[in-house]
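Trainee: From first to last, the protein sequence lines stand for chains A and B. First residue of the first sequence? That's 181 in our numbering, and the numbers climb one at a time after it. First residue of the second sequence? That's 291 in our numbering, and the numbers climb one at a time after it. For glycine and all other residues, C-beta sits at the position ideal for the given N, C-alpha and C.
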Amino acid sequence: MNAVIDTQDRAEVRRLRYETKQRAFLKTLVSPHVIEEHRRSPIGQHSEPLERLLAYFRRRPLAGRYAIMVVKPFEAYRLVQLSGERGVPPAPSDETIYRSQAEAEHAIFLRNVQTLLT
Amino acid sequence: MAQVKLFGYADKISVKPGEVIQFYVNADGTDAADAQLVRLIHGDNHPDGPGFVEQEVPSAIDGIWRVEKQYTQIGSFLEVPDPQRRLALGGSLTLFAFIHPLWPQVGHRQFLLGRWDNDKNVGFGLGIKPNGLLEFWVGRGDEVDYVEAEVPLRANMWYFVAASLDAATGRATLYQEGVVNRYNSVLGKVTPLDLRSHVAESFRFRQKHLDDTPFLMAGSRDWHDRRGDFVSQLYCGKIDRPGLFDRVLSRAELDAIRSGGVPPSDGMVAYWDTTDGYTDQGIGDVVTDIGPHKLHANGYNRPVRAQTGWNWSGRNDCFRLAPEEYGGVEFHADALIDCKWKPTKALLLADDLRSGAYAIRLRGGGGTGLGEEYIPFFVRPKQPTGRIAFLIPTASYLAYANEHLSFDAPIVQGMSGMTPILTDIDIEMYKNPEFGHGCYDSWADGQGVCYSSYHRPVINMRPKYRISSMDITWQYPADLSVIAWLEHMQYDYDVLTDEDLDREGVSALSPYPCVLSGTHPEYYSERMMDATEDYIEGGGRYIYLGANGYYWHVAFRDDEPWGLECRKLGDGWKAWEARPGEHYIGTTGQKGGPWKCLGRPPQKIMGVGFVSEGFGTSAPFERMPDSYEPSLAWITDGIEGDVIGDFGLSYGGAAGVEIDKYDLSLGTPPNTKVIASSGGHTDNYLTHGQLQLHQHPGTSGSWDHRVGADITYFPAPNDGAVLSCSSIAFGQALPVNGFDNNVSRLLANVINAFIKPGPLPDSSERAAEPEDVLVT
Chain A
181 MNAVIDTQDR AEVRRLRYET KQRAFLKTLV SPHVIEEHRR SPIGQHSEPL
231 ERLLAYFRRR PLAGRYAIMV VKPFEAYRLV QLSGERGVPP APSDETIYRS
281 QAEAEHAIFL RNVQTLLT
Chain B
291 MAQVKLFGYA DKISVKPGEV IQFYVNADGT DAADAQLVRL IHGDNHPDGP
341 GFVEQEVPSA IDGIWRVEKQ YTQIGSFLEV PDPQRRLALG GSLTLFAFIH
391 PLWPQVGHRQ FLLGRWDNDK NVGFGLGIKP NGLLEFWVGR GDEVDYVEAE
441 VPLRANMWYF VAASLDAATG RATLYQEGVV NRYNSVLGKV TPLDLRSHVA
491 ESFRFRQKHL DDTPFLMAGS RDWHDRRGDF VSQLYCGKID RPGLFDRVLS
541 RAELDAIRSG GVPPSDGMVA YWDTTDGYTD QGIGDVVTDI GPHKLHANGY
591 NRPVRAQTGW NWSGRNDCFR LAPEEYGGVE FHADALIDCK WKPTKALLLA
641 DDLRSGAYAI RLRGGGGTGL GEEYIPFFVR PKQPTGRIAF LIPTASYLAY
691 ANEHLSFDAP IVQGMSGMTP ILTDIDIEMY KNPEFGHGCY DSWADGQGVC
741 YSSYHRPVIN MRPKYRISSM DITWQYPADL SVIAWLEHMQ YDYDVLTDED
791 LDREGVSALS PYPCVLSGTH PEYYSERMMD ATEDYIEGGG RYIYLGANGY
841 YWHVAFRDDE PWGLECRKLG DGWKAWEARP GEHYIGTTGQ KGGPWKCLGR
891 PPQKIMGVGF VSEGFGTSAP FERMPDSYEP SLAWITDGIE GDVIGDFGLS
941 YGGAAGVEID KYDLSLGTPP NTKVIASSGG HTDNYLTHGQ LQLHQHPGTS
991 GSWDHRVGAD ITYFPAPNDG AVLSCSSIAF GQALPVNGFD NNVSRLLANV
1041 INAFIKPGPL PDSSERAAEP EDVLVT
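1. Hey, which unbroken runs of the beta strand (DSSP E) at 3 residues or more fall wholly within the segment 584-628 of chain B?
2. Tell me which residue opens and which closes the beta strand (DSSP E) that A/Met-249 is part of.
3. For B/Gln-985, is the classification buried or exposed, using 16 other Cβ atoms within 10 angstroms of its Cβ as the cut-off for buried?
4. For B/Gln-780, which residues in chain A fall below 9 Å Cβ to Cβ?
5. Between the alpha carbons of B/Met-719 and B/Phe-667, how many angstroms are there, rounded?
6. Examine the ligand ADP and report whether any of its heavy atoms sits within less than 7 Å of the Cβ of B/Pro-683.
7. Pick helix, strand or coil for B/Asp-519, following the three-state DSSP scheme.
8. Using a cut-off of 8 Å between C-beta atoms, extract the partners of A/Tyr-246 located in chain B.
9. Once DSSP output is grouped into helix, strand and coil, what is the label at B/Gln-980?
10. Quick check: is the beta carbon of A/Gln-294 nearer than 8 Å to any beta carbon in chain B?
11. The alpha helix (DSSP H) that contains B/Thr-684, what's its start and end?
12. Please list the terminal residues of the continuous beta strand (DSSP E) segment that includes B/Phe-505.
13. Quick test of your reading: B/Thr-972 and B/Gln-982, contact by CB under 8 Å. State the CB separation rounded to the nearest angstrom.
14. Tell me which residue opens and which closes the beta strand (DSSP E) that B/Lys-295 is part of.
15. Just to make sure I have the definition right: I need the residues of chain B whose C-beta is within less than 7 Å of the C-beta of A/Ile-288. Which are they?
16. Just reading off the beta strand (DSSP E) that B/Lys-635 is part of, what are its end residues?
17. What number of angstroms, rounded off, separates the C-alpha of B/Ala-768 from the C-alpha of B/Lys-881?
18. CA-CA distance, B/Pro-371 and B/Leu-379?
19. Check each candidate in B/Phe-388, B/Glu-467, B/Arg-1056, B/Glu-912 and name the one with the smallest Cα separation from B/Leu-402.
20. What does the Cβ neighbour count give for A/Leu-297, buried or exposed, with the cut at 16 atoms within 10 Å?
21. In angstroms with no decimal places, state the Cα-to-Cα distance between B/Cys-629 and B/Glu-724.
22. Which residues does DSSP list as the beta-bridge partners of B/Gly-942?
23. Can you tell me whether DSSP reads B/Arg-653 as helix, strand or coil?
24. Name the chain A residues whose beta carbon is nearer than 8 Å to that of B/Lys-479?
25. Closer than 7 Å by beta-carbon distance: list the chain A residues that pair up with B/Thr-972, in chain order.
26. For B/Thr-709, which residues from the same chain have a beta carbon less than 7 Å from its beta carbon, with the 5 sequence-adjacent residues on both sides left out?
27. Report the residue from B/Asp-698, B/Leu-712, B/Pro-747 whose alpha carbon sits nearest the alpha carbon of B/Tyr-730.
28. In the DSSP assignment, the alpha helix (DSSP H) including A/Val-193 goes from what residue to what residue?
29. Do you know offhand how far B/Ala-1043's Cα is from A/Ala-235's?
30. Between which two residues does the alpha helix (DSSP H) holding B/Asp-1030 run?
31. Can you tell me the Cα-Cα spacing of B/Tyr-751 and B/Tyr-766, whole angstroms?
32. Counting only beta-carbon separations shorter than 8 Å, does B/Phe-297 have a partner in chain A?
33. Quick check on B/Val-1063: does DSSP put it in helix, strand or coil?
34. Could you work out which residue in B/Ala-560, B/Gly-889, B/Leu-859, B/Ala-865 is closest to B/Ile-875 when comparing CA atoms only?
35. If you draw a straight line from the C-alpha of B/Thr-1066 to the C-alpha of B/Phe-905, how long is it?
36. Would DSSP call B/Gly-928 helix, strand or coil?
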């Protein structure tokens, strides 16, 4: 017997099904109010709709997840995306400069919302 | 022009005037660096504080250093010194081992054991092909003959593998059998797997040997034009009881070894008994050859010992109970204990050098970015003279050394509630495995990193560094804010390190009336715990200036204090989890895990222990009724109002990041008073599992009254006392407003009382009062 063991991870099937439903639900939470709430306070205590959106965005696969790169400490930042692959550095997202961590956080939020809605 | 990059480390972390410290520097893009000894005062560039502060201190080695490119051997392996070349078998041979591959299809060939030159294709070896197939080969330089298995090895399964060559006939055989039991592998007996493969080929020629090829396990000899000899084909996995014979072992003989039998003596050249050498106090890096020539193998980059072997039965949870079941020696292709660079410069410390935090500052190119490097160390006094000892938590610096959380930990953004903020140095570390990892990481093969060391550049043990996943100073640069405060307040203080405490015990602390901890003294050896407890019991006055301290049980080696061992398990929040059966520290033989699980919660000596952590926001403390007790008025003397610390460099409050709490059930001394407490933390602060054994909704900051920090005070025997500040953010509140603030005032009040000779201010009132009686 040289049994061939299929190593496709069936948990992925369920994860993708969950993702589809969860994204449909999360889309209903996006509103001008939530976006304004995040702009005012990207870090800290949030309303439930905003916190649900953030919790989802923060748990995306590492590959492609956004991070903030310091251009000048406390003064200038830009966005990068993680590789998700050991030893491979993040890739620049674009050249836009943000003047604060809060601005950069909000830019990431808007991009994540955009991706969710498309 | 190439970018200038400078990195370095020192051989010691704690030195005294009159001693010599050795520096090791790697340079890219330059052959010269401008060196200057500096005393470090403040390391946080947050705009609400004093910014980075250093003082240049003239030394004999200031000036231009010649620097060069250095090379680092990563990966753990075993090397067998064999001056008489007994292992350079030219005729018939058999190699065998039990193996437990962690990543058989890593994408490069992994060497298991043999005498093989990977550059010149000379010798013999047993290994794993990039596609996961077991392979045996011999080489004579111009050609290589090989035989490979039919079935790829699977990760996290135990096998017995062997290869033989009959020199007379050229017949080469490969032997692969699974040795799975109910406990030892990731899959059990119900999985319909056939792990076996038996293959034979005829080899056209016999192996040749080069004189200087070492016999290695878990790696093979290689060559690079600039670097010279090094080891490649590094293996990820365990090897248990390997051997080498100068004859062909029959199938029946190999079956007998596979079943646990003792190998025959006839033809035995070497048999490394990986279970030999265990003591009640742990095990070292030497693997014993119990064969005729005693060719013991030396571990490089510390292969992990005290690991379960192929025959682990599940009954015994420690090598001390059944060493014969703990033959697994575990190797990782990206392990690093010591860069072993060529020495660059040494400094004889001047006799008049004042105790403090020092560094060699190196600048090359423009002297900015990666062209600037600080190699830190701490100077103790020749003889203790200060009234205060600032105990630098270097064990915790090691545990966090070069952590990769922002890049590799999927949980970190959910945990921190924020996006990582990366700098060039983070990217540089991530790109280069030569920086090694910390105890918050896993090796690339997925196993948790249980060793750390400062014999390598540690990028987060540097001034100005901000932990990227949380965007605050953490450990070393955060503790510099305490140094800055001591300097500003002009206190007479000395520094010493965890390493000193571990080696010297309570005598390292006892000369000082008052000891001040760092902001996050999380990792403690038993000797450090004992010394701290004895110091307080003996009348010492201790200020625990942080939170989540005295939490993990770790160990240093007596002879190699630059290395730390940490096994993560138990009810703590943990970045990884030690496997079943591997919960004991190989360095000492003691059980690892949280001190609370060993019967010594931090509350027993400090009055408080870890309750919660959260990021992005901190909160202020509010004074509690005990602070208004007349006998304790000295603690808050001069503080107006109820609020303490509504400011700070760590998220704008003195209570935050990680916080501790008073808990009578976990051993807080019943005479402890709560001076101030925090509340109103966000839901990013979760109640720790040590308090909330079963998870359910509603146990985070805005829901649960337990999520808060308690500043506590209790008098101890012999006029001793403990003040616990219970928040990592507490130290980062000290520098705000030019150090003129109510957090600074509270700390100064207590230190002034603690360093004053004679009884504590509240002692006379205590003598007049009846003892506290617990009513709960």
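Mentor: Judging by the given coordinates:
1. Listed in chain order, the beta strand (DSSP E) elements of length 3 or more contained wholly in the segment 584-628 of chain B are 587-590, 594-597, 618-621.
2. Mapped onto the first sequence, residue 249 of chain A falls at position 69. It spans 246-252 - the beta strand (DSSP E) in which A/Met-249 sits, taken as one unbroken run.
3. As a position in the second sequence, residue 985 of chain B is number 695, starting the count at 1. Around the beta carbon of B/Gln-985, fewer than 16 other beta carbons sit within 10 angstroms, so the residue counts as exposed.
4. Numbered from 1 along the second sequence, position 490 holds the residue referred to as residue 780 of chain B. Here the premise fails: no neighbours, minimum Cβ distance about 29 Å.
5. If you number the second sequence from 1, residue 719 of chain B lands on position 429. If you number the second sequence from 1, residue 667 of chain B lands on position 377. Computed Cα separation, rounded: 21 Å.
6. Here there are no bound small molecules, and the ligand ADP is not part of this structure.
7. If you number the second sequence from 1, residue 519 of chain B lands on position 229. Residue state, collapsed to three classes: strand.
8. Taking the first residue of the first sequence as position 1, residue 246 of chain A is located at position 66. Per Cβ cutoff of 8 Å: Thr-709.
9. The residue given as residue 980 of chain B occupies position 690 in the second sequence. Reduced to three states, the DSSP call for B/Gln-980 is coil.
10. Along the first sequence, one-based indexing puts residue 294 of chain A at 114. Residue-level contact by beta carbon fails for A/Gln-294 and chain B, as no gap is shorter than 8 Å.
11. Indexing the second sequence from 1 puts residue 684 of chain B at position 394. Where B/Thr-684 is concerned, the enclosing alpha helix (DSSP H) stretches over 684-690.
12. In the second sequence, the residue the question calls residue 505 of chain B occupies position 215. Annotation for B/Phe-505: the continuous beta strand (DSSP E) segment containing it runs 505-507.
13. The residue given as residue 972 of chain B occupies position 682 in the second sequence. The residue given as residue 982 of chain B occupies position 692 in the second sequence. The beta carbons of B/Thr-972 and B/Gln-982 sit about 17 Å from each other, so the pair does not count as a contact at 8 Å.
14. Taking the first residue of the second sequence as position 1, residue 295 of chain B is located at position 5. Annotation: the continuous beta strand (DSSP E) that includes B/Lys-295 extends over 295-300.
15. Within the first sequence, numbered from 1, the residue matching residue 288 of chain A stands at position 108. Thr-709, listed in chain order.
16. Against the second sequence, residue 635 of chain B aligns to sequence position 345. Going by DSSP, B/Lys-635 is part of the beta strand (DSSP E) stretching over 635-638.
17. As a working note, residue 768 of chain B is residue 478 in the second sequence. As a working note, residue 881 of chain B is residue 591 in the second sequence. Cα atoms of B/Ala-768 and B/Lys-881: separation of roughly 30 Å, rounded to the nearest angstrom.
18. By 1-based counting over the second sequence, the position of residue 371 of chain B is 81. By 1-based counting over the second sequence, the position of residue 379 of chain B is 89. Distance between the alpha carbons of B/Pro-371 and B/Leu-379: 15 Å.
19. Position 112 of the second sequence holds residue 402 of chain B. Of B/Phe-388, B/Glu-467, B/Arg-1056, B/Glu-912, the residue nearest in Cα terms is B/Phe-388.
20. Translated into positions along the first sequence, residue 297 of chain A becomes position 117. With a threshold of 16 other beta carbon atoms within 10 Å, A/Leu-297 falls short and is exposed.
21. Against the second sequence, residue 629 of chain B aligns to sequence position 339. Against the second sequence, residue 724 of chain B aligns to sequence position 434. Between the C-alpha atoms of B/Cys-629 and B/Glu-724 there is a straight-line separation of about 8 Å.
22. Within the second sequence, residue 942 of chain B is the residue found at index 652, counting from 1. The partner list for B/Gly-942 (beta bridge, DSSP) is empty, contrary to what the question assumes.
23. For the purposes of this step, residue 653 of chain B is taken as the residue at position 363 of the second sequence. For B/Arg-653, the secondary structure class from DSSP, reduced to helix, strand or coil, is strand.
24. In the second sequence, counting from the first residue as 1, residue 479 of chain B sits at position 189. What B/Lys-479 touches in chain A: nothing, since even the nearest Cβ is about 13 Å away.
25. Residue numbering aside, residue 972 of chain B sits at position 682 when the second sequence is read from its first letter. Annotation: Cβ neighbours of B/Thr-972 in chain A (cutoff 7 Å, chain order): Gly-224, Gln-225.
26. Looking up residue 709 of chain B in the second sequence gives position 419. For B/Thr-709, where only same-chain residues beyond five positions count, the Cβ hits under 7 Å are Gln-703.
27. Here residue 730 of chain B refers to the residue found at position 440 when the second sequence is read from its first residue. When only C-alpha atoms are compared, the closest one is B/Asp-698.
28. In the first sequence, the residue the question calls residue 193 of chain A occupies position 13. Element bounds for A/Val-193: 191-207.
29. Here the question's residue 1043 of chain B lines up with position 753 in the second sequence. Here the question's residue 235 of chain A lines up with position 55 in the first sequence. One alpha carbon belongs to B/Ala-1043, the other to A/Ala-235, and they sit about 47 Å apart.
30. Against the second sequence, residue 1030 of chain B aligns to sequence position 740. First-last for B/Asp-1030: undefined, no H or E at that position.
31. Taking the second sequence and counting its residues from 1, the one referred to as residue 751 of chain B is at position 461. Taking the second sequence and counting its residues from 1, the one referred to as residue 766 of chain B is at position 476. The displayed chain sequence assigns Met, not Tyr, to residue 751 of chain B. Taking the straight line from one Cα to the other gives about 5 Å.
32. Taking the second sequence and counting its residues from 1, the one referred to as residue 297 of chain B is at position 7. Interface flag for B/Phe-297 against chain A is unset, since no Cβ pair is found closer than 8 Å.
33. The residue labelled residue 1063 of chain B in the question sits at position 773 within the second sequence. Since pLDDT at B/Val-1063 reaches only 46, below the 50 mark, its modelled position is unreliable, and no value is offered.
34. Along the second sequence, one-based indexing puts residue 875 of chain B at 585. Of the residues B/Ala-560, B/Gly-889, B/Leu-859, B/Ala-865, the one whose Cα lies closest to the Cα of B/Ile-875 is B/Leu-859.
35. Within the second sequence, the letter at position 776 stands for residue 1066 of chain B. Within the second sequence, the letter at position 615 stands for residue 905 of chain B. Because B/Thr-1066 carries a pLDDT of 42, less than 50, the predicted location of this residue cannot be relied on, and the following value inherits that uncertainty. If you draw a straight line from the Cα of B/Thr-1066 to the Cα of B/Phe-905, it is about 34 Å long.
36. Residue numbering aside, residue 928 of chain B sits at position 638 when the second sequence is read from its first letter. Look at B/Gly-928 here: in three-state DSSP terms it is coil, with no helix or strand label.
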